[in-house]
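Undergrad: Structure incoming, see below.
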């Protein structure tokens, strides 16, 4: 199996801290699929503190015999996004993606050409913005040897002839244990640990240190599956912020998620946040 791309290193631990939490937000997401194979996703969110409402609509259609995927996205900021992906047709393991964005109100347009190439021991990404004034080129590679992963990520601004990103990562993985460490631009260092303790319980630890501000970030979290339809989530960080989440599959196609963020340092002053999310699929 190919190693993950650089952006997916440490993803299992990030999912423990990120998925199932919607602090201060009311969220609704609906998914469906037409008889012709078009996947439709519509959603909206309401930020309770500011009252801001946002919505989005996405359609996706796959032409499997040609390896093509067409994706159209629109949001309430009136931004249109079109993505065309070609997978495994030019060469085995190669995926090409053209992503364009258009804002009708301002007339602003942008585009990115992305490529991903995977072999059994290597994953390579090369992306470039479509800017005649000087594109920004992003590159990343991850190599695997047995259970070890080594990755490098860079970003080069051709307009300024300057390297703007210079990141390294090392990881170790097996079926129930994943370790990920990184160094970003020689200024931020950190790592995460994911452990599947048993089939129902997952735990993760995240640690980071910034040389510029000399600050340390520490978090610990877990997910416990009560049964196949319900799960509890919890996390706490070094700022005494405690996040709790409960996810329940009400019936086929309906999933409800409740979450809350408690500020332990200012428990009596309030300012705690709650969130509700509902996912519908038909």
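Numbering (my numbering), first residue to last: 109 to 390.
Each residue gets a CB set at the ideal place from its N, CA and C atoms; glycine is no exception.
None of the values given here were measured: they were computed from a predicted structure.
1) What would DSSP say about residue 133, mapped onto helix, strand or coil?
2) For residue 261, count neighbouring Cβ atoms within 10 angstroms of its own Cβ and tell me buried if that reaches 16, exposed if not.
3) Ordered along the chain, which non-local residues of its own chain (more than five positions away) have a Cβ less than 6 Å from that of residue 153?
4) The alpha helix (DSSP H) with residue 120 in it runs from where to where?
5) Give me the DSSP bridge partner(s) of residue 266.
6) Which residue's Cα is closest to the Cα of residue 164: 243, 188, 202?
7) Any idea if residue 212 is buried or exposed, counting beta-carbon neighbours within 10 angstroms, 16 or more meaning buried?
8) Taking its Cβ as the centre, do 16 or more other Cβ atoms sit within 10 Å of residue 406, making it buried, or is it exposed?
9) Should residue 217 be labelled buried (16 or more other beta-carbon atoms within 10 Å of its own) or exposed?
10) Please identify the residue among 349, 277, 366 whose C-alpha is closest to the C-alpha of residue 114.
11) Does the separation of the CB atoms of residue 205 and residue 112 fall below 8 Å?
12) Would you call the segment 234-251 and the segment 139-151 in contact, with 3 or more CB pairs under 8 Å?
13) So for residue 83, helix, strand or coil by DSSP?
14) When the distance is taken between beta carbons, is residue 329 closer than 8 Å to residue 125?
15) Looking only at its own chain, which residues have a Cβ that is under 6 Å from the Cβ of residue 182, when we skip the five neighbours before and after it?
16) Less than 8 Å separating the beta-carbons of residue 121 and residue 288?
17) According to DSSP, is residue 115 helix, strand or coil?
18) Can you grab the Cα-Cα spacing for the pair residue 227 / residue 193, in whole Å?
19) Contact check, residue 208 vs residue 190 under 8 Å by CB: the rounded distance?
20) For residue 392 and residue 325, I'd like the C-alpha separation in whole angstroms.
21) Would you check if the distance between the CB atom of residue 279 and the CB atom of residue 117 is smaller than 8 Å?
22) Can you give the Cα-Cα distance for residue 265 and residue 220, rounded to whole angstroms?
23) Do residue 312 and residue 300 come within 8 Å of each other at the CB atom, strictly closer than that value?
24) Considering only the alpha carbon of each residue, which of 339, 347, 244, 345 lies closest to residue 355?
25) My guess is that residue 351 and residue 129 are in contact by the Cβ rule of under 8 Å, so how many angstroms apart are they, rounded?
26) DSSP three-state label for residue 254, please.
27) For residue 203, which residues in the same chain have their Cβ closer than 6 Å to its Cβ, ignoring the five residues on either side in sequence?
TA: According to the data block:
1) In the structure shown, residue 133 sits in a strand (DSSP, three-state: E or B).
2) Under this definition residue 261 is a buried residue.
3) Counting only residues of its own chain and dropping the five nearest sequence neighbours on each side, residue 153 has a CB closer than 6 Å to the CB of 133, 135, 162.
4) 119-126 is the span of the alpha helix (DSSP H), which, as asked, contains residue 120.
5) Residue 266 pairs with nothing; no bridge assigned.
6) Across the set 243, 188, 202, the C-alpha of 188 shows the shortest separation from the C-alpha of residue 164.
7) Label assigned to residue 212: exposed.
8) The structure shown does not extend to residue 406, since the chain is modelled only from 109 to 390, so the question has no answer here.
9) Counting Cβ neighbours within 10 Å, residue 217 comes out exposed, since fewer than 16 surround it.
10) For the set 349, 277, 366, the Cα lying nearest the Cα of residue 114 is the one of 277.
11) No, these two residues do not count as a Cβ contact at 8 Å.
12) At 8 Å Cβ cutoff, the stretches do not touch.
13) The requested residue 83 is not part of the displayed model; the chain covers only 109 to 390.
14) Cβ atoms of residue 125 and residue 329: closer than 8 Å.
15) Cβ-Cβ distances below 6 Å link residue 182 to 165, 188 in the same chain, with the five nearest sequence neighbours on each side left out; the list follows chain order.
16) Their beta carbons are under 8 Å apart, which means residue 121 touches residue 288 by this criterion.
17) Residue 115 falls in the helix class under three-state DSSP.
18) Rounded to whole angstroms, the gap between the alpha carbons of residue 227 and residue 193 is 19 Å.
19) Contact flag correct, Cβ pair sits at about 5 Å.
20) An answer regarding residue 392 cannot be provided, because it is not within the stretch 109 to 390 covered by the chain.
21) Closer than 8 Å, so yes.
22) Straight-line spacing of the CA atoms in residue 265 and residue 220 works out to 14 Å.
23) Taking 8 Å as the cut-off, the Cβ atoms of residue 300 and residue 312 count as close.
24) For the residues 339, 347, 244, 345, the minimum Cα distance to residue 355 belongs to 339.
25) 5 Å between Cβ atoms; contact.
26) Residue 254: coil per DSSP, three-state reduction.
27) These residues qualify, in order along the chain: 195, 224.
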